[in-house]
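Visitor: Have a look at the structure that comes next, please.
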Amino acid sequence: MRADETRVRAWCIEHVRDGMCAIYMRARHLLHPLCVALPFALHVSVVMAQVHTIDWAGMKWRVRTEQGGPCATQRWNADGVWVDAAGQLHLKLIRMPSGVLSCAEIISLEQFRFGTYQFEVTGPIGTIDANVALGIFFYPSPDVGPDGTNEIDIEVARWGRPDGPQVHYTAWYRSRPGSWHLPMRVADQANHAQFGIQWLPGSVRWTSSLQGATEAHFEGDVASQPQTLRFNLWLFRQPAPVDGREVEFVIKSMKVREW
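Take a look at the structure:
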């Protein structure tokens, strides 16, 4: 395979993984406008990128299936993602035939910016396993910033500590490494919550039906460019929950009011 064809393949795969597009190319025949800049004389063998998508909350999402982090087993499985008859999104750690547990993630094909976002969540919030993390977060594409910048998070996790706080709000700085972070301890019996993110120019405010009078507000070096919205359920540093069981969360609804 020639070097230019190798670059074409890599470009297509990377952009599919970013959730930007699914690209299907044949020699001398390009069916996607993002490929028009390729040299006319380039002979490209068929490249087919299988992309799993779902429709939920009035929009389309890519279901992650490629291997990689942060899931401790490096496995992401479309079987762990589905929408039920009531329109609720399910994320589940699924045991594969090999016995390995796989993680679940969806990525919006749209990008979002300033606005108010509300999420209704059910699942083991108060009793979250020390090795399991649920994430609801805005994440930048490479042209906005590298990993560890710009991200805005709601996470249900104990980060390996059986007695750790269960809910975490984080804003990763826009222009430098580092983040603002607020952990929050909730009742063990908590299994339902309304979470919210209000993303404004220069500030982020988090809300939850579980936080009572706790203020969760950051002003400063906040993301300002559009980002994808992602939901994931994954294994933190260990290949299974402490009790070895499958874990499931349900996102009952999502409401978006962009500014």
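Those letters in the sequence shown? Residues 1 to 259, per the UniProt record's numbering, in order.
Note that the Cβ used here is the ideal one computed from N, Cα and C, for glycine as well.
Taking one C-beta from the segment 69-84 and one from the segment 206-214 each time, how about it: are there three or more such pairs within less than 8 Å?
Guide: The answer is no - the segment 206-214 does not touch the segment 69-84, with fewer than three Cβ pairs under 8 Å.
Visitor: Whole-angstrom Cβ separation of Ala240 and Leu210, contact assumed at under 8 Å?
Guide: Rounded, the Cβ-Cβ distance is 27 Å, inconsistent with contact.
Visitor: DSSP beta-bridge partners for Met184?
Guide: The partner list for Met184 (beta bridge, DSSP) reads Val167.
Visitor: Determine the direct distance from the alpha carbon of Arg237 to that of Cys71, and round the result to whole angstroms.
Guide: C-alpha separation (whole angstroms): 8 Å.
Visitor: Using only the alpha-carbon positions, how far apart do Thr228 and Glu110 sit?
Guide: When rounded, the distance between both Cα atoms is 6 Å.
Visitor: If contact is defined by three or more beta carbon pairs under 8 Å, each pair taking one atom from either stretch, is the segment 174-188 in contact with the segment 145-153?
Guide: Contact between the segment 145-153 and the segment 174-188 is present, because at least three Cβ pairs lie under 8 Å.
Visitor: Going by CA-CA distance only, name the one from Asp153, Ser102, Pro162, Leu235 that's closest to Leu133.
Guide: Checking the displayed sequence, the identity of residue 133 turns out to be Ala instead of Leu. Minimum Cα distance to Ala133 is reached at Leu235.
Visitor: Could you pull out every residue in the same chain whose Cβ sits closer than 6 Å to the Cβ of Asp129, ignoring the five residues on either side in sequence?
Guide: Same-chain partners within the cutoff: Pro241, Val242.
Visitor: Could you round the C-beta distance between Gly135 and Phe231 to whole angstroms and report it? I think they count as a contact, below 8 Å.
Guide: Correct: roughly 7 Å between the Cβ atoms.
Visitor: Which of the three DSSP states is assigned to Asp55 in this structure?
Guide: If DSSP states are grouped into helix, strand and coil, Asp55 belongs with the strands.
Visitor: Mapping DSSP to helix, strand and coil, what is Gly80?
Guide: Three-state result, Gly80: helix.
Visitor: Do Val186 and Gln166 have their CB atoms nearer than 7 Å?
Guide: In contact: Val186 and Gln166 (Cβ atoms closer than 7 Å).
Visitor: The beta strand (DSSP E) that contains Leu91, what's its start and end?
Guide: Start and end: 89-92.
Visitor: Would you mind working out which of Leu91, Leu101, Tyr117 sits nearest Asp153, comparing C-alpha positions?
Guide: Out of Leu91, Leu101, Tyr117, Tyr117 has the C-alpha closest to the C-alpha of Asp153.
Visitor: Please confirm whether Leu93 and Thr73 have their CB atoms less than 7 Å apart.
Guide: Taking 7 Å as the Cβ cut-off, Leu93 and Thr73 do not qualify as a contacting pair.
Visitor: Compute the Euclidean distance between the alpha carbons of Pro142 and Gln225, then round it to the nearest angstrom.
Guide: Distance between the alpha carbons of Pro142 and Gln225: 12 Å.
Visitor: Go ahead and label Leu200 buried or exposed: buried means 16 or more other beta carbons lie within 10 angstroms of its beta carbon, across all protein chains shown.
Guide: Burial call: exposed.
Visitor: Indicate whether Phe218 and Ala157 have their beta-carbon atoms separated by less than 7 Å.
Guide: Result no, Cβ atoms of Phe218 and Ala157 do not sit closer than 7 Å.
Visitor: Given a threshold of 16 other Cβ atoms within 10 Å of its Cβ, counted over all protein chains shown, does Gly123 qualify as buried or as exposed?
Guide: Under this definition Gly123 is a buried residue.
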